[in-house]
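Those protein sequences? They're chains A and B, same order as listed.
Take the first sequence: its letters are residues 1 to 767, numbered as in UniProt numbering.
Take the second sequence: its letters are residues 1 to 1150, numbered as in UniProt numbering.
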Amino acid sequence: MATYLEFIQQNEERDGVRFSWNVWPSSRLEATRMVVPLACLLTPLKERLDLPPVQYEPVLCSRQTCKAVLNPLCQVDYRAKLWACNFCFQRNQFPPAYAGISEVNQPAELMPQFSTIEYIVQRGSPTPLIFLYVVDTCLEEEDLQALKESLQMSLSLLPPEALVGLITFGRMVQVHELSCEGISKSYVFRGTKDLTAKQIQDMLGLTRPVVPVQQGRPLQPQEQPPISSRFLQPVHKIDMNLTDLLGELQRDPWPVTQGKRPLRSTGVALSIAVGLLEGTFPNTGARIMLFTGGPPTQGPGMVVGDELKTPIRSWHDIEKDNARFMKKATKHYEILANRTAANGHCIDIYACALDQTGLLEMKCCANLTGGHMVMGDSFNTSLFKQTFQRVFSKDFNGEFRMAFGATLEVKTSRELKISGAIGPCVSLNAKGPCVSENELGIGGTCQWKICSLDPSSTLAIYFEVVNQHNAPIPQGGRGAAQFVTQYQHSSTQRRIRVTTIARNWADAQSQLQHIEAAFDQEAAAVLMARLGVYRAESEEGPDVLRWLDRQLIRLCQKFGQYNKDDPNSFRLSDSFSLYPQFMFHLRRSPFLQVFNNSPDESSYYRHHFARQDLTQSLIMIQPILYSYSFSGPPEPVLLDSSSILADRILLMDTFFQIVIYLGETIAQWQKAGYQDMPEYENFKHLLQAPLDDAQEILQTRFPMPRYINTEHGGSQARFLLSKVNPSQTHNNLYAWGQESGSPILTDDVSLQVFMDHLKKLAVSSAS
Amino acid sequence: MSVNQQAHTGLPYGQPQPGYQGYQQSGYGGQQMPGVHHSQYGAYNGPLPGYQQPAPPQGTLRAPPTSGAPLPTSGAPVPAGQPVYSQFGQGDVQNGIATSAVQMQRPSASQPFIPGTAPTPVSQPATFQQYGPPPTSAQQLTNHMAGMQIGSSTSAPPPAGLGYGPPTSVPPASGSFTATGSGLYTSYSSSQGPPPVTMTHGLPPTSLSQGLSLAQPAFSGPPLSAQRLPQAPGFVPPPCSTGIGPSSYPPTTGAPRPSTMQGSQLPGQALTGLPTSQPNHVSSPPPHPSMSGPAMTGLQGPPPPTHPSQSGYQMQQNGSFGQVRGPQPNYGGAYPGTPNYGSQPAPPPPPKRLDPDSIPSPQLSELPPQQKPRHRIDPDAIPSPIQVIEDDRNNRGSEPFITGVRGQVPPLVTTNFLVKDQGNASPRYIRCTSYNIPCTSDMAKQSQVPLAAVIKPLATLPTDEAPPYLVDHGEPGPIRCNRCKAYMCPFMQFIEGGRRFQCCFCSCVTEVPPHYFQHLDHTGKRVDFYDRPELSLGSYEFLATVSYCKNNKFPNPPAFIFMIDVSYNAVKSGLVRLICEELKSLLDYLPREGNMEESAIRVGFVTYNKVLHFYNVKSSLAQPQMMVVSDVADMFVPLLDGFLVNVNESRTVIVSLLDQIPEMFADTRETETVFAPVIQAGMEALKAAECAGKLFIFHTSLPIAEAPGKLKNRDDRKLINTDKEKTLFQPQTSFYSNLAKDCVAQGCCVDLFLFPNQYLDVATLGVVPYQTGGTIYKYAYFQLETDQERFLNDLRKDVQKEVGFDAVMRVRTSTGIRATDFFGAFYMSNTTDVELAGLDCDKTITVEFRHDDKLSEDSGALLQCALLYTNCAGQRRLRIHNLSLNCCTQLADLYRNCETDTLINFLAKFAYRGVLNNPVKTVRDTLINQCAQILACYRKNCASPSSAGQLILPECMKLLPVYLNCVLKSDVLQPGAEVTTDDRAYIRQLVSSMDVAETNVFFYPRLLPLTKVDVDSDTLPAAIRNSEERLSKGDMYLLENGLNIFVWVGVNVQQGLIQNLFGVSSFNHISSTLSTLPVLENPFSKRVRSIIDMFQAQRSRYMKLIIVKQEDKLEMLFKHFLVEDKSMSGGASYVDFLCHMHKEIRQLLS
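As structure tokens, then:
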């Protein structure tokens, strides 16, 4: 291993794990002094082309409280056919099937390169995936048409065996019965009435055997009540029917009078969808896909009244405690989300409207169940259409990039305990010896449920070093952690992925430089950001910022090299050098700043921040800026106003937006039409280059970013200007001369100022 | 009949021959006759002969069966009454008015008989040769008579003296039966002594005796013979009473009466309860059989064949006689003991019945015929409804009824007449109990005659009468009185040269608006009098302006919503498929306004079991959409657009839906249903569509599914005759009343079609239909083959009939009287406005008036009924009916201008409402008491002085006792063992919105002899009285009561006729399960079917056709409708009741 950088990268590629610290401080006291907690970003289903799953059950430690999975770190006595658990030191007999093992005949799970291994296990009969569309009909004709087409198209993308169902809602909620010949049938519910799951199931006739419908797919498990087949049918059977049904969907027929919003029963619709699946397919992979074009305006979960004159709540209203429906609605959706999670289903929200749609209140539905959240302006945009299409994208094996009903269990060696996790999961409340009392994120458990995940879903997991200072760890001792993820693969197989990692311990007093060198500042930035965002959900924005600042200052104090009270002497080592900059951009990011964002947007951004992997998260924190010019190949440039030059084309990727910005001169040239002149073909190529690159990003990103093509002085240029470091503003424009960059009209502090203050505070003896 | 008729025409009562002596009875006799020989006579005269002849033969045959059930009732009473009346009546002329004619007639009538008799017998014999006896008929009869008499005499020779006969005299006059009814009663009550007084016997006896004797035989009906015999024994006991009864009559009618008597008595006492449970609908065949079985047997048992010897004739005669006797005994016993008819104890009866038949022959035979007659009341001598109807038809049917004159009494509802509106509303719209109103409340109280109007605001007129003209007074709306808001009408007085008008109701003077001004001519009439319907006609319509509309918005066209129960029962019986098939074509016949091309009415569809299914049938859809609403606890309408559609636009989708519905639910196993949510859904749908409309709900079972308005089975027959009986008529929960209120507010009318296989609590389910002006149809044990046509016809009629929505009716009256009480299917939120979510052309509202001041003879009393409604095109209209009545200071004027049919309509509705809050017995007593007071008041104040023993009835009310008795015996007030609680509740509601014609035929069914049908002419044979003794076993009869049609086939009917009508070779091959007559190409079959079709067309509901074979199980059911006979459930026979009334009256007078 050459450098920590390589080590980190290698680990990430193999195990999907990145730790903030790659050498661990060996005592609790020291660990707390490190400021950045010992934590990792785990991508449980990281795509591994080179990882063929094994077709047998994992071998478990026989100790009831441990049950760790046999892994390469275990000591094995090949002669006695015994292995020692590396977590609890229990000695275990190999099962009979392992009788033939030897040093040269090792099972895969004992090989070091299989620190991450995936098992395919046979548990019960496989159940088909379930997709339940919940569709808002209070849309503009155009939108509805586009949505209908998208939905019809999606039928061809679904696995043919998958079950689909359709619920539409407006003023009423309709659960459509599929496979009816000659007449289309639906069950209708009032949109204002909250129904219990029992009531819903009664009303849908799900509680007792009704007339057996012809359905009867032999593949279905016996526990599946046949009745549900009225509402959920295999795609291959009813795609024609459903296509027609979707085609005939009408806009909600109830009249909307002037000055009113349409009555939209989103809350009840979701509740019914949840109840339907709860009663029919508990603990099977299922997606409830909610498509909504506006805020819920009636019934439980209503976010705003139907009077247009009362606008939907803003951050201002929320701060003033003026959002009268928010609490109640949030509670409604939280209950739903928890129920859904308990059933192992997930809820996607596709909200397309120009105004807010209540994502703030509904966010937990997606957050707790691992569902997607997509926000757009209209269903009739490529943003939605392609995003939606991408939900059904497949991996190199032709398998859907989605998994369901996962439980993640973390096991640690005794020096470590688990503080919590942050990500699209809910706690399973599994107490155990390795559960810490100090919670960070969703804590108090060593198991979490992730109802839906994809290869990029990433959780942050926080640990606590519990080894006491006076009980030093023997030299060369290693701490270990094992992540066991059981899930339903999109092929309906049950699989278990086990990742076992180990890191060296180091005494922070004597070996601080080791620890320092093994600091992963990118992971640390994201982990701290997740903590910050997590806190921001429940705390006031300024408090979170203050907390972040204090952490940063403490970190700098701990690891910086400086002379007391001499800011100019302040230096940070390479492994920390970028960290303050990340924090600077994080402070300005929409995850922590609500200014200029609606509550819905904030929820949307935070949703994605809490589930994307490290790379994407970093992009979100600090967007990437590329510059294109005649002077050379495209190059990444500083996210700084000084990078905005007249003869450059800039491509900025903020994860949520892709902005192509033509400098002033370039824009003029383009207007003059030089790109169309054969003699200026190179200009044409220059113009084309960022487009191609952007396209590449667009191809892979989920959700589809907003694609913005703008130029100097264009109104959309604000997306760029709001992100760059305002090194030049109207305040200091003339002080800096005019040779480069473009001033930003803002009062925000620039990175320079930020760093100056940081240095000052870090070296200050007062703090 | 012709003869009789002639006689009648001339003299209403007289006709009858001896038999009737007094009254119409002749008519009866006639009817009976018809069956037999009538050819000569026609109805009445015929009768006598008819009886005799047919009787004998039949007698043997029938005797047993008939006697059992039918005879009893009718038989007994009649005889008693008749003789009395006839004799007296004529002589007395007490009634004065009518009498004259009567008297005249009698003589003539009597004569006719004799001849008649002779001929008839002959013919009959032929048919009945078997009986051998017939030939001798005369003799035998006499013998029998004698026997009868004897019997009577034995029992109480004196009674004879009682001279019921005498009483009869009354009849002639006003039909007042003055009849020395006293005689009758007395006899019964023990008052035997008194009766004798009336001596009239002499006259009547002769004629009567003959007539009766003849008649009786007929009745006795052959079959019964066996039974009758047994009865004889029974009789014996009664003797005590018999003594009385018999004694009185024996002489005159001797034989005949007895028969009747028997009938009555027996029934009365025994009255084991009507075998037939549901007289009306008879929906439940199953029960009947069983019932009848037992009953019959019971009867039979007793009848040991005492008189077999007499056999044929005698039997018959005996039968009749016997009955007579029986009755008497009964009376004696029954009456005294049980003052109330209705409640008469059942126990004694059975034996009695038996007795009548059997006894008569033996005992009576010995007595001299002549004596006998007196003792008994001759059924032919008491007022005959048939006679009255015939008279009225003959007297008034020929010329149009012109309404110009104030206080005119219109012809009877049974008469076909043309109305010319000249300022008063046609009697088709309004009928009053009296057209002469007492000026003061004291008078009114004294007379106890209810002052009421029966209003049918949207009545259908015959094609030759013009519908009400439409008047448009333009933007300001109809001209109205400023104070009382009465609408402009012919009675308004224009004054000051036409610049103002004085209100005829409140006398307030109102300015005539300039646009309405018109000069007056020299008589004070406006010059444009004849140009303006509102000035010259009694009925017309105003176009309502927007201020007459809800929310000041013109209404949308109404909607029809069809809501079909698709639970297991409905699907399995084929009902769902049937309805769907029918709707496909029926939807083309939605009511439309005037000359509109297509109906403006929109339609919607809902099916339901435990949950509701709404259907989107928007024209743009490729296939219908079904929307299931399971949240029945909180009903709502899941769709707006596409639920209510124009039939033509959405035809393909609708047809496709109607094809689908039966398929979709073909395999349903859902048996539970909801009900209230269904109505709520319909109402909500109308509310959402902002229109009024009508729900057609097709429902099969008690709604026990968990939902609002859920019901439990609370049927409990043990409550009958207890103070808690009323709860059977009350709804289980107030939920439906509240729902009804909401429906009315929305203009949502509910028509309910019920297809129960068991109790489904009509009393509760009916609340909403009832209060929203809807209709209930009930088809118990619905079977596709037999009930399909009836249901479809009802449905067609119901869908097609003219109907108004969201209506408010107010009745304004002259100062002095005020509308105080309202009866019918509607809702009232205050005391003056009748609110009707829907009002169709068959619905009637009965309004009672009370004095709150004095009226003056000069100005009379005016009524104005204003109905504001939305017609089927969605147009808001005001229909105005005006009627002017006279006022009187003399009670005689009041009694002279009463209309009994209307009175009965009112009394029935009053009583039927009463059972909701009072024990049934109380209600019956109240009714009897009120009528007794009415009659007593007449007797006291109007009738010429006469013996207290005489029963004197006002001419206009002479049918009051018989009709009242029918009301008292109806299933609601006196249920038989097989009348279900649902039937009673159903009938109760049904009657509440019946018009006069319907109540008339409902309470006193129309009975036609089919063999008398003239296949070559359009005229109907004369009806006969509803008594078993009028039936001949060689004849076939048609009986209709507005709900059922019976074809009764005697065992001895000629095979040819059977072949012609039923297409089978013999009596035994006739299937009693037929629901229609086979279509056969012969004149007789065609004619009979056309008669049935004609009857069906006259009624608002399609009547169920039931074939009853004599001596068949179903006959018990049929006999229930022979309302002059004693009923199985304890209802009194006519004669018995008359006697009872007489007693009551006498008590009041003393």
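For every residue, glycine included, the Cβ atom is placed at its ideal position computed from N, Cα and C.
Computed from a prediction, not measured in an experiment: that's the story for all the values here.
Item to check | V188(A) beta carbon less than 9 angstroms from that of F698(B) | outcome: Numbered from its first residue, the second sequence carries residue 698(B) at position 698. Numbered from its first residue, the first sequence carries residue 188(A) at position 188. Not in contact: F698(B) and V188(A) (Cβ atoms no closer than 9 angstroms).
Next on the checklist: With the cut-off set at 9 angstroms, would you say D798(B) and A985(B) are in Cβ contact?
Outcome noted: Looking up residue 798(B) in the second sequence gives position 798. Looking up residue 985(B) in the second sequence gives position 985. No, the pair does not count as a contact, with Cβ atoms beyond the cut-off.
Item to check | Touching by the beta-carbon criterion (3+ pairs, under 8 angstroms), the region 755-765 of chain A and the region 553-570 of chain A | outcome: yes
Next on the checklist: My parser needs the alpha helix (DSSP H) runs of 4 or more residues fully inside the region 156-201 of chain A; what are they?
Outcome noted: none
Item to check | Three-state secondary structure assigned by DSSP to K363(A) | outcome: Position 363 of the first sequence holds residue 363(A). Correct three-state label for K363(A): helix.
Checklist entry - Can you name the start and end residues of the alpha helix (DSSP H) that S536(B) belongs to? => result Sequence index remark: in the second sequence, residue 536(B) carries index 536 (1-based). Run containing S536(B): P533 to S536, per the alpha helix (DSSP H) assignment.
Checklist entry - Would L440(A) be called buried (16 or more neighbouring beta carbons within 10 Å of its own) or exposed? => result In the first sequence, counting from the first residue as 1, residue 440(A) sits at position 440. L440(A) is buried by the Cβ-count criterion.
Next on the checklist: Residues in the same chain with beta-carbon distance under 7 angstroms from A662(B), minus the five sequence neighbours each way, listed in chain order, please.
Outcome noted: As a first step, residue 662(B) must be located in the second sequence, where it is residue number 662. Residue identity check: residue 662(B) is Pro in the sequence provided, not Ala. Excluding residues within five positions, the ones whose Cβ falls inside 7 angstroms are V576, R577 and C580.
Item to check | Distance between beta carbons of L657(B) and P624(B), contact taken as under 8 angstroms | outcome: To locate residue 624(B), count along the second sequence from 1; it is residue 624. To locate residue 657(B), count along the second sequence from 1; it is residue 657. About 4 angstroms; that satisfies the 8 angstroms criterion.
Checklist entry - What residues in the region 184-195 of chain A bring their beta carbon closer than 7 angstroms to a beta carbon of chain B? => result S184, K185, S186, Y187, V188, F189, R190 and K193
Item to check | I473(A) vs W505(A) beta-carbon contact at 9 angstroms | outcome: Residue mapping note: residue 473(A) aligns to position 473 of the first sequence, counting from 1. Residue mapping note: residue 505(A) aligns to position 505 of the first sequence, counting from 1. Yes, Cβ-Cβ distance for I473(A) and W505(A) is below 9 angstroms.
Next on the checklist: Between M683(B) and chain A, is any beta-carbon pair separated by less than 9 angstroms?
Outcome noted: Position 683 of the second sequence holds residue 683(B). False, the Cβ-Cβ gap to chain A never drops below 9 angstroms.
Checklist entry - In chain order, what residues of the same chain have a beta carbon less than 8 angstroms from the beta carbon of G737(B), not counting five sequence neighbours either side? => result Numbered from 1 along the second sequence, position 737 holds the residue referred to as residue 737(B). The amino acid occupying residue 737(B) in the given sequence is Ser; Gly does not appear at that position. Here the set comprises P731, V767 and Q771.
Next on the checklist: On the CB-based measure, 16 or more other CB atoms within 10 Å of its CB, does V527(B) come out buried or exposed?
Outcome noted: For this step, residue 527(B) is matched to residue 527 along the second sequence. The residue in question, V527(B), is exposed, as its Cβ has fewer than 16 Cβ neighbours within 10 Å.
Checklist entry - Going along chain B in order, which residues have a C-beta closer than 7 angstroms to the C-beta of P126(A)? => result Residue 126(A) sits at position 126 when you count from the first residue of the first sequence. Within 7 angstroms Cβ-Cβ: nothing; P126(A) doesn't reach chain B, min ~31 angstroms.
Item to check | Limits of the alpha helix (DSSP H) - the one that E679(A) falls within | outcome: What you label residue 679(A) is simply residue 679 of the first sequence in a count that begins at 1. Premise fails: E679(A) is in no alpha helix (DSSP H) and is neither H nor E.
Item to check | Beta bridge counterpart(s) of K417(A) as assigned by DSSP | outcome: Position 417 of the first sequence, counting from 1, holds the residue named residue 417(A). DSSP lists E464(A) as partners of K417(A).
Next on the checklist: Out of P295(A), G293(A), T292(A) and V274(A), which one is the CA nearest neighbour of G285(A)?
Outcome noted: Position 285 of the first sequence, counted from the start, is the residue given in the question as residue 285(A). Ranking the options by Cα distance to G285(A), first place goes to V274(A).
Checklist entry - Counting pairs of Cβ atoms below 8 angstroms between the region 676-692 of chain A and the region 636-647 of chain A, do you hit three or more? => result no
Checklist entry - Q447(A) lies in the alpha helix (DSSP H); which residues open and close that run? => result Taking the first sequence and counting its residues from 1, the one referred to as residue 447(A) is at position 447. That residue, Q447(A), is in no alpha helix (DSSP H); its beta strand (DSSP E) goes Q447 to L453.
Next on the checklist: Is it the case that the region 785-795 of chain B contacts the region 713-727 of chain B, given that we only count it when at least three CB pairs across the two stretches are under 8 angstroms?
Outcome noted: no
Next on the checklist: Let me check understanding here. Comparing Cα to Cα, which of F826(B), T846(B) and N830(B) lies closest to A837(B)?
Outcome noted: If you number the second sequence from 1, residue 837(B) lands on position 837. For A837(B), the nearest C-alpha among the options comes from F826(B).
Checklist entry - Among L868(B), Y759(B), P677(B) and S701(B), which residue has its Cα nearest to the Cα of C743(B)? => result In the second sequence, the residue the question calls residue 743(B) occupies position 743. Nearest option by C-alpha distance: P677(B).
Checklist entry - If we cut at 9 angstroms on Cβ distances, does E789(B) have a partner in chain A? => result In the second sequence, the residue the question calls residue 789(B) occupies position 789. By this cut-off, E789(B) is not an interface position.
Item to check | Beta-bridge partners of P467(B), as assigned by DSSP | outcome: Walking along the second sequence from the start, residue 467(B) turns up at place 467. P467(B) is not bridged to any residue.
Next on the checklist: Is there a Cβ of chain B sitting closer than 9 angstroms to that of L204(A), yes or no?
Outcome noted: Locating residue 204(A) in the first sequence gives position 204, where the first residue counts as 1. Closer than 9 angstroms to some Cβ of chain B, the Cβ of L204(A) qualifies, so yes.
Next on the checklist: Rounded to whole angstroms, what is the Cα-Cα separation between T198(B) and R1025(B)?
Outcome noted: For the purposes of this step, residue 198(B) is taken as the residue at position 198 of the second sequence. For the purposes of this step, residue 1025(B) is taken as the residue at position 1025 of the second sequence. Unreliable positioning characterises T198(B) in this predicted model, as indicated by a pLDDT of 35, which lies under 50. A coordinate reading is not provided.
Checklist entry - Closest by CA to S102(A), which one among R79(A), F94(A), M111(A) and S115(A)? => result Residue numbering aside, residue 102(A) sits at position 102 when the first sequence is read from its first letter. The shortest C-alpha separation from S102(A) is found at R79(A).
Next on the checklist: Just to confirm before moving on: does the CB-CB distance between F401(B) and G477(B) stay below 9 angstroms?
Outcome noted: Position 401 of the second sequence, counted from the start, is the residue given in the question as residue 401(B). Position 477 of the second sequence, counted from the start, is the residue given in the question as residue 477(B). No, the pair does not count as a contact, with Cβ atoms beyond the cut-off.
Checklist entry - Using a Cβ cut-off of 7 angstroms, which residues of the region 294-323 of chain A contact any Cβ in chain B, in chain order? => result none
Next on the checklist: Buried or exposed, going by whether 16 or more other CB atoms sit within 10 Å of the CB of P513(B)?
Outcome noted: Sequence index remark: in the second sequence, residue 513(B) carries index 513 (1-based). Flag for P513(B) reads exposed.
Checklist entry - Counting only runs that start and end within the region 607-655 of chain A, where is the beta strand (DSSP E) found for 3 or more residues in a row? => result 624-629, 632-636 and 649-653
Checklist entry - Looking at Y579(A) and R571(A), is the spacing between their C-beta atoms short of 9 angstroms? => result The sequence position of residue 571(A) within the first sequence is 571, counting from 1. The sequence position of residue 579(A) within the first sequence is 579, counting from 1. Result no, Cβ atoms of R571(A) and Y579(A) do not sit closer than 9 angstroms.
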